[in-house]
Every structure is written in C-alpha cells, then in structure tokens.
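*Asks:*
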Amino acid sequence: MNDVSPHKPRLSRAHLLELLRQMLRVRRFEERCVELYTQEKIRGFLHVYIGEEAVGTGVMHGLGPEDAVVSTYREHGHALLNRIPMDRVMAEMYGKVTGCSRGRGGSMHLFDARARFFGGNAIVGGGLPLAVGLALADKLAGRSRVTACFFGDGAAAEGAFHESLNLAALWQLPVLFVCENNLYAMGTALRLAHAQTELTRKAEALGVPAESVDGMDVVAVEAAGARLRQALRAGQGPRFLECRTYRFRAHSMFDPELYRDRAEVEAWKERDPIPRLAAWMQRSGLLHEGEREALEGEIAAELEQAVAEAEAAEWEPEASLLDHVYRAPPTWSPPPPAAETEPLDLSFREAFRLGLIEALEHDERVFLMGEDIGHYGGCYAVSRGLLERFGPERIRDTPLSENGFTGAGIGAALGEARPIVEIMTVNFSLLAMDQIVNSAATLLHMSGGEFGVPLVIRMATGAGRQVAAQHSHSLEHWYAHVPGLKVLAPGTLQDARYMLWAALQDPNPVLIFEHVMLYNREGRLEPLPQGVDIRHAAIRRPGRDLSLITYGGSLPKTLEAAEALAGEGIEAEVVDLRVLRPLDTSTLLESLGRTHRAVIVDEGWKTGSLAGEIAAILAEQAFWSLDAPIERVCTDEIPIPYPRHLENAALPQVEDILAAARRVMGAGP
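Those letters in the sequence shown? Residues -4 to 664, by the numbering used here.
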C-alpha cells in the first residue's frame, strides 16, 4: 500500500479503523467456520473468502440500505459486511432454523430481505442476470438505487456474463459488476480458460466502462467503488470493476489444491490486505497501541456468541418440510378488470393479446419482454401493436439471450415488478432452463421464504406446422416435474383470454404454454367476469362411460373424438387438465369414480410423459375403481419429422384417440 496516491481519498482514522474491523470480522468468522467444518458442525460445500476481504469491504462500505447485493457461493464476507447479523449467518452455516435462510440455504445460499441481500448463488454466473433484473425494476419504478453484483473470474467465461452485461449496457441499468479475479475458476487457471485474460476488455467490448484495481488494497478498492457508484447514481449506466485478488485457501474444503504451487500462495500472502492496512496505519500513526487487540477481542466475543447461539438453536421440524415451496395465493383474487360483457368471435391469438392488453393497462408494474415482441410484433403476432400502444419501456425487445433475459425477469420480480417474459418457443426455453429451474423454482425455498418470484413466462409449444424436430417439442411435462413452478396450458378461448390475469395475481413463478396450433383457431368467447380458475382442472364435456384426460392443443382433438364416440353410444367425459403443476388429482379421481375407464391424451413422448404420471396417480389412488387398463395416446418416440404425412402420423390424432377409447370400452369386465 503506497502512502500517497491520487486515486485514494484522505480517510479519517475512525474510517480506517472501521475498514480494518470489517476485514478482521470476516477473516475470523471464516477461520472459525473452517474449524467447525473439520468438526462436522458445518457440512456440504464450504468456500471461504480468506485473502479476498478487501474486495467486499471496499465495495460494500459505501452501499446504502436501499441498495441491493447479489453474490456468489463464496459470499459469507458479503453477507456479514453491513448486511446480515453474524448470529444469523452462523446459524445458517449450521442449518438451524434461526439462520438467515431458516437453515434451508446453508453456506452457499445466504439471503436477507431486510438487508436487500439477494443471496449467494451456487450456479457460476447465475446471479448476474438477477442483478440486471433488480436494476431494471428499480429503473422502471424510478427508484435511485444501485445493485452490486459479485462474481469470480470463472463466471466471465459463462454465457450469462456476456448476456447480462450486454442487457445492462443496452438498457443503461445501475449495476456495479464486481469481478473478484482470484486467478482460478475452481482449479483451472485464468490463462487456461480465457483467450482474453484482460477481463476489463471483455466488459468494454460489451459496452460497459471498466477498470481494474488492486484487490488486496482495501482503500484502493473503496475509492474505485465510490467513483463507479457515483456514475451509477448519475444514471450513466453500468460499470465493471475487476479486483485482482487471491484466495489463500483451496477452492472449497473438498479441494486437494494440486493445481497451484505453494510458493505462489505464500507470495500472495505477503500482500494480505489485513496486515497491509494495519501496517500502513501504524506507520502513519493512525493505529494506536492496543487498538487492534481491542478489535480482535470484540470480534472474538461476537463470534463466540454466534457459535453458542447456533449450537443451541433448534433444527427446523420435519413437519415444516413442505413449507416455502410455494407462497399461498390470495384467498380472493381480483377479477379481470376488463372482462368482456358480450360474447365475442375471435381467434386464440386475439384472446391472448386481449389478456396482455388488460394486464398492461391495469397494473403499472407489468411489462412484457422477450425476443421480437415489440418492433416485429411477436413471432406469432400475439403482441402486434403493443409497442405503439405502451411504448418501449413496457414492451421491451430483448437480444437473443434466453438465459439472460429470463434471469433478468426473475430479478425484476424480486424487485417488485410484475414481468411477463416471452420465450419464442419451448425449444428456446432449454437455453433458459438454468434460470427457470435453478433460480425461479428454488429461491423461495432456499431463502426460507424470504424471496418469492412472482413472474409469468409465456412460450409456444407443440407440433403441427411442419417445422421439423427443433421447433416442434412439447416439453411442458419437463417443467411440470419441478417443484416451485406452476405450469398452465390453456386449451379454450376463455383460458387463453383470462388465464394471464389470474397468473399475475399468483405470488409464484407461473409458466404458460400456448400451443402453436391454437393461435389461428377461432371461436366464440363467452364473457367470464369472475375470471378463470388456475387451481383446478375443468370438465369440458360430462360423461358416464369413459374419462378422456388431456390439455392444451390436444383438447380440440379430444372433444372431437368424444363427439364421435357419442354417435357410437359411448358417453365420454373430457377432463381438461389445464393446470399441469400442481395437478388437480381430486378432479381426476372424481371423474374416474364416475366412468371407471381412462384414456390420457398427451402430445409429449410416452416415455417419462405427463401421461405416465397421471396413469400412475390413477393406478395408485383409484385402482379399485378401474374396470379396464388405462390407455395412453402420445407422440411416437421419434424427433418430429418434417414431411406433413409423417408429422401427422407421429402425433396423436382423433383416430388414435377413438381407437384407444374403443379398446378400453371393449376390455370388460
């Protein structure tokens, strides 16, 4: 640490003492965590920050209580620095119910809503899109806040890094991207993983002004952070700060650390930020005799108290195991504010558009973002005209970066907005599955109920348009497999029109799958002033002989088959699942109790299908009500072919449903 530098402010003795105290506090906490880990009091992965304390201390010292922090799996220091009380962090390390995440997150997932600490993240680079979304929500609401996002050098190789920085620069969002460059991503050196090792150049190439600083010098880090925050608060867009630092310990406690020389580690320890600051303060007459010892004593007492409280704290009872998977929806939801008063002839496309217009007009928190939704009008023309009506702030075209903008939608929901994210097709959603499954579905649980994710994700699904295998998937059952998500599949005009408003009232992440073959389908929309029920399946046609169970794009085919069966004297009941998660098993069981036979129609592949799950439920819970084996009508086990005759042959058709129904009816007793 140089005594004089134009980049370092003149700091008071009290301020320097506080910087020293904060770094010592983080260091001693983590040293004790290492001890507790060896005693098996702390389990799982443990990634310590020892050696890097100057980065978090310098950056976070100037953040205000309304600013947000998004961190990584090496986040204990970030959590402690002016954010979360030590006793709550230590209890979380133990997995106790008094922890900041009620013991559900552990070392890598610390959360605190009061401190606006939006958590550690075990997915490398996973927090970057969330930070973009938090800043976007602040900008849309006109709030003057900064979001600080910490990540390591390894994350700079992830697609989420490039997608997030591009979005932040494109939309001029107040995000401070802080790269803690400790030269190793787990055990792979920076020089072996990055063709461009100057990480500031990566940021600058994406339009984000960047600078690099000695991350072992807390005063230099604080000065750089202050400069960049000033630019952020002035509305000058995002900033990137690379802090050149080093972790003195292994990547995690499981790491044998065979990838770096001991001499390298010892050389970096010579630059340890804590003795470096203390020595400079002593030379300058700013650290008096006995002051460091007094600080150490205060920290030791706080640490021992935190450990004692964690030891004595209760474990979460097993009876609460299923808590914090979903937030309970309101017992009463406001009806659609613009419901039609007279019947209306229209297409599904127009019904979906009316739902979007209603949401945008009656909830100022709502905005729509996705690929080609604005200037292009939407790949399926659902959002055509909305850009002109609501403007580019609320109809927000995104780059082709599904993981990035979906994660930004999740972050915006965390920031109190009500985003509607449109992913062009279910195929493209596979690029966003990381954020949907690892963030949207898990944040409420991992945070012990601290953070819900109330957003809606819309996407087209299904086959029938001769666009071959990569644009013809029906993968909604994959998402229906995941706890924490709600999955809807509208198959009627009423659901297409009113389901969106109901989904926006739900405090959980809701995925709506719109079948491509329904968009052009026309019919009469009957007014539904009370809105639709997104908790229960619906009986679309009553019957006594057979239950035909289906959803989404297969519903019209199933209704057609039921009509044909009626001509044969078979009264089929048609059950529209419409809610794929959580499944309404009561309606299914009640229907089977009336008919005693079931055919399940599902455009997914049979192996691992939703149809298979429903068949298992019926066999487990209503076996003695069955008078015949359950039949499943699914897509053939092939990628969808391009020629129309082969595509039609692969997909469930009316004739296939009829054949299955006749087999079930003829199976006796």
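Beta carbons are placed, not taken as given, at the ideal position from N, Cα and C, and that holds for glycine.
Between which two residues does the alpha helix (DSSP H) carrying N515 extend?
*Replies:* It is not in any alpha helix (DSSP H) - N515 carries neither H nor E in the DSSP assignment.
*Asks:* Does DSSP put L160 in a helix, in a strand, or in coil?
*Replies:* Reduced to three states, the DSSP call for L160 is helix.
*Asks:* Mapping the DSSP letters down to three states, classify C374 as helix, strand or coil.
*Replies:* C374: coil per DSSP, three-state reduction.
*Asks:* Of the residues V448, E288, H246, which one's Cα is nearest the Cα of G669?
*Replies:* In this structure the chain extends from -4 to 664, so residue 669 is not present and cannot be described.
*Asks:* Classify D148 as buried or exposed, calling it buried when 16 or more other Cβ atoms lie within 10 Å of its own Cβ.
*Replies:* The residue is buried, with at least 16 neighbouring Cβ atoms inside 10 Å.
*Asks:* Distance, Cα to Cα, R413 vs L450?
*Replies:* Going by the C-alpha atoms only, they are around 6 Å apart.
*Asks:* Pick out whichever of A407, E356, R23 has its Cα sitting closest to the Cα of L381.
*Replies:* Of the candidates A407, E356, R23, the one whose C-alpha sits nearest the C-alpha of L381 is E356.
*Asks:* Within the stretch 497 to 552, note down every full beta strand (DSSP E) run reaching 3 residues or more, in order along the chain.
*Replies:* Within the stretch 497 to 552, the complete beta strand (DSSP E) runs of at least 3 residues are 505 to 510, 517 to 520, 533 to 536, 541 to 545.
*Asks:* For V511, tell me which candidate among Q489, G457, G39 has the shortest Cα-Cα distance.
*Replies:* The option with the nearest alpha carbon to V511 is G457.
*Asks:* To the nearest angstrom, how far is the alpha carbon of G220 from that of V65?
*Replies:* Distance between the alpha carbons of G220 and V65 is about 16 Å.
*Asks:* Taking P624 as the reference, which of F249, R657, L75 has the closest Cα?
*Replies:* When only C-alpha atoms are compared, the closest one is R657.
*Asks:* Answer yes or no: the CB of L6 versus the heavy atoms of the ligand SAH, is any distance below 8 Å?
*Replies:* This structure does not include the ligand SAH; it has no bound ligands of any sort.
*Asks:* Candidates L543, C174, L131: which alpha carbon is nearest M660's?
*Replies:* For the residues L543, C174, L131, the minimum Cα distance to M660 belongs to L543.
*Asks:* Hey, G459 and G547 are a contact pair by Cβ (cut 8 Å); roughly how many whole angstroms apart?
*Replies:* In fact, because the Cβ distance is near 12 Å, the residues do not count as touching under 8 Å.
*Asks:* In terms of residues, what are the limits of the beta strand (DSSP E) holding N176?
*Replies:* 170 to 176 is the extent of the beta strand (DSSP E) around N176.
*Asks:* May I have the straight-line CA-CA distance separating Y493 from S434, to the nearest angstrom?
*Replies:* Distance between the alpha carbons of Y493 and S434 is about 27 Å.
*Asks:* Between the C-alpha atoms of R278 and R271, what's the straight-line distance to the nearest angstrom?
*Replies:* If you take the alpha carbons of R278 and R271, they lie about 11 Å apart.
*Asks:* Which of helix, strand or coil does DSSP assign to P268?
*Replies:* It is helical.
*Asks:* Check G147 in the structure and name its three-state DSSP category.
*Replies:* Strand, per DSSP.
*Asks:* Assuming E353 and A323 are in contact, meaning their beta carbons sit under 8 Å apart, how far apart are those beta carbons, in whole angstroms?
*Replies:* That belief does not hold up - the Cβ atoms of E353 and A323 are roughly 24 Å apart, past 8 Å.
*Asks:* Starting from W473 and walking both ways along the alpha helix (DSSP H), at which residues does that stretch end?
*Replies:* 471 to 475 is the span of the alpha helix (DSSP H), which, as asked, contains W473.
*Asks:* Does R138 pass the burial test, meaning 16 or more other C-beta atoms within 10 Å, or should it be called exposed?
*Replies:* By the 10 Å Cβ count, R138 comes out exposed.
*Asks:* Just the Cα atoms here: how many angstroms apart are G285 and E297?
*Replies:* Whole-angstrom Cα-Cα distance: 19 Å.
*Asks:* Go ahead and pull the three-state DSSP assignment for P124.
*Replies:* Here P124 sits in helix by DSSP.
*Asks:* Taking CB distances under 9 Å as the criterion, tell me whether E87 reaches chain B.
*Replies:* Absent from the structure is chain B; it holds one protein chain and no more.
*Asks:* Write down the C-beta distance between G603 and C629 rounded to the nearest angstrom, noting that I regard them as a contact closer than 8 Å.
*Replies:* Actually they do not touch by this definition, with Cβ atoms about 10 Å apart.
*Asks:* Between H476 and R576, what straight-line distance do the alpha-carbon atoms span, to the nearest angstrom?
*Replies:* Looking at the two C-alpha atoms, the distance is approximately 8 Å.
*Asks:* Are E252 and H246 touching if we call contact CB-CB under 9 Å?
*Replies:* Result yes, Cβ atoms of E252 and H246 sit closer than 9 Å.
*Asks:* Look at the alpha carbon of L41 and the alpha carbon of I633, and state the distance between them as a whole number of angstroms.
*Replies:* Straight-line Cα distance between these residues: approximately 44 Å.
*Asks:* Out of L395, E397, G53, point me to the one whose CA is closest to M211's CA.
*Replies:* The candidate whose alpha carbon is nearest that of M211 is G53.
*Asks:* Go ahead and label Y474 buried or exposed: buried means 16 or more other beta carbons lie within 10 angstroms of its beta carbon, across all protein chains shown.
*Replies:* Classification for Y474: buried.
*Asks:* Could you round the C-beta distance between I595 and R639 to whole angstroms and report it? I think they count as a contact, below 8 Å.
*Replies:* Going by Cβ atoms, the distance from I595 to R639 rounds to 26 Å, so no, they are not a contact pair.
*Asks:* Can we say the stretch 428 to 444 touches the stretch 107 to 123, given the rule of at least three CB pairs closer than 8 Å?
*Replies:* Touching, per the Cβ criterion.
*Asks:* Look up W600 in the DSSP assignment and give the residues it is bridged to.
*Replies:* Note: W600 sits in a beta bridge opposite T630.
*Asks:* Considering just the uninterrupted stretch of the alpha helix (DSSP H) at V213, what are its terminal residues?
*Replies:* Segment 213 to 228, the alpha helix (DSSP H) holding V213.
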